[in-house]
Amino acid sequence: MLARSDPGLPGHGYVLGMHAFGLEENGDFAAAEETGRRAVGLIPRNPWAIHAVAHVMEMQGRSGEGIAWMRDREADWAPDNLLAVHNWWHLALHHLDRCETGAVLDIYDRHVRPRPEAIGLELSDATALLWRLHLAGIDAGDRWREVADGWEPMAGDGYYAFNDMHAMMAFVAAGRDGAAGRLVATLTARAAGSGANAAMTREVGLPASLGLLAFGRGDHAAATDLLLPLTAISRRLGGSDAQRDVLSLTLLEAAQRAGRTEVARDLAARRIELKPRSRFNRLLTEKRLNLG
Ligand SMILES: [Fe+2]
1 MLARSDPGLP
11 GHGYVLGMHA
21 FGLEENGDFA
31 AAEETGRRAV
41 GLIPRNPWAI
51 HAVAHVMEMQ
61 GRSGEGIAWM
71 RDREADWAPD
81 NLLAVHNWWH
91 LALHHLDRCE
101 TGAVLDIYDR
111 HVRPRPEAIG
121 LELSDATALL
131 WRLHLAGIDA
141 GDRWREVADG
151 WEPMAGDGYY
161 AFNDMHAMMA
171 FVAAGRDGAA
181 GRLVATLTAR
191 AAGSGANAAM
201 TREVGLPASL
211 GLLAFGRGDH
221 AAATDLLLPL
231 TAISRRLGGS
241 DAQRDVLSLT
251 LLEAAQRAGR
261 TEVARDLAAR
271 RIELKPRSRF
281 NRLLTEKRLN
291 LG
């Protein structure tokens, strides 16, 4: 598409925005940021391009810049847009990186908290934000109930392994054992089928969900064993690196609690290496780095 587009064509800025996100997910952060900024220069009201640059800043731990980038352009991505909740989620992640949990919960309550008509992407964002707080030991109170309520009608669908994994987080955190059991049965059936979602479910979605379930039961050794092999292949689940990072965070916590100090230390060291300025990383990893 990019090769057939032209800077003079209307909508070229949108094409560049999509390209920027592709560059970011493939780790070419400098080119992604340059392309994303160029896209926004051509078409300022360009939520996908703004989102791509927010991803770059998230991956590089540039939370202050990320907050300013999003806040300065709020009118261009927030009102009346399908991606608005997801972009609010990104803004909240930048605040979380700075351990500004008050701001995170404020954004959650105003903009991420699922509405009755919330789509899967929005429920996933809400769930993933609360789960990160959960891992950091921050009580999200009654918020889990409405997120789990949103997922419950989908527990028997099994349409998309990425969403199903997030549904499991909500069921675990809200103590919905029945829904969690129904979801495991759904995923097990889907994993035996054919097609892209069957493969995603078989290879990542089902073991990830079982790992989350084990984590919720306090069986941290089983959670570690289920989640550790996924680090190399979780990309098959779909979603972005930033979204799938929730699996890595859960594995780190599980390994720590299971006394798997080598695993925990390796994971912690890698996080600090990738984002040395992240206060959230430090909060989650400091005690692991000091192990033994
Ligand atoms: Fe994103």
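Residue numbers (UniProt numbering): 1 to 292. Note that the Cβ used here is the ideal one computed from N, Cα and C, for glycine as well. Remember, it's a predicted structure, so these values are computed and weren't measured experimentally.
Selection around ligand 1 by beta-carbon proximity, strictly under 7 Å to any non-hydrogen atom, yields His51, His55, His86, His90, Ser240, Ala242 and Gln243 in chain order.
Segment contact: the stretch 139-159 against the stretch 167-174, three or more CB-CB distances shorter than 8 Å; contact assigned. Distance from the CA of aspartate 241 to the CA of arginine 235, rounded to the nearest whole angstrom, comes to 8 Å. Excluding five sequence positions before and after valine 112, the CB atoms of its chain that fall closer than 7 Å to its own CB belong to Val85, Trp88, Trp89, Ala92, Asp125, Ala126 and Leu129, given in chain order. Relative to the Cα of arginine 257, the nearest Cα in the group Ser278, Arg71, Ala223 and Asn281 belongs to Ala223. Residues Ser63 and Arg279 of the same chain have their beta carbon placed closer than 7 Å to that of arginine 98, with the five preceding and five following residues left out of the count. In its chain, beyond the 5 residues on either side, Ala161, Arg236, Leu237 and Gly238 have a beta carbon closer than 7 Å to the beta carbon of methionine 200. Within the model, the alpha-carbon separation for glutamine 60 versus leucine 267 is close to 17 Å.
Of the candidates Pro10, Glu34 and Gly8, Glu34 places its Cα closest to the Cα of histidine 19.
Within 10 angstroms of the beta-carbon of glutamate 273 lie fewer than 16 other beta-carbons, which makes it exposed. Sequence-distant partners of glutamate 24 (beyond 5 residues in either direction) whose C-beta falls short of 6 Å from its own C-beta, in its chain, are Ala32, Ala52, His55 and Val56. The Cβ neighbour count for glycine 158, taken over all protein chains shown within 10 Å, is at least 16; the residue is labelled buried. Taking C-beta atoms under 8 Å as the contact rule, leucine 206 and threonine 188 qualify, at a distance of about 7 Å. With distances taken between CA atoms, valine 246 lies nearest to Arg271 out of Glu74, Thr261, Arg271 and Gly36. Assigned with DSSP and collapsed to three states, glutamate 122 falls in helix.
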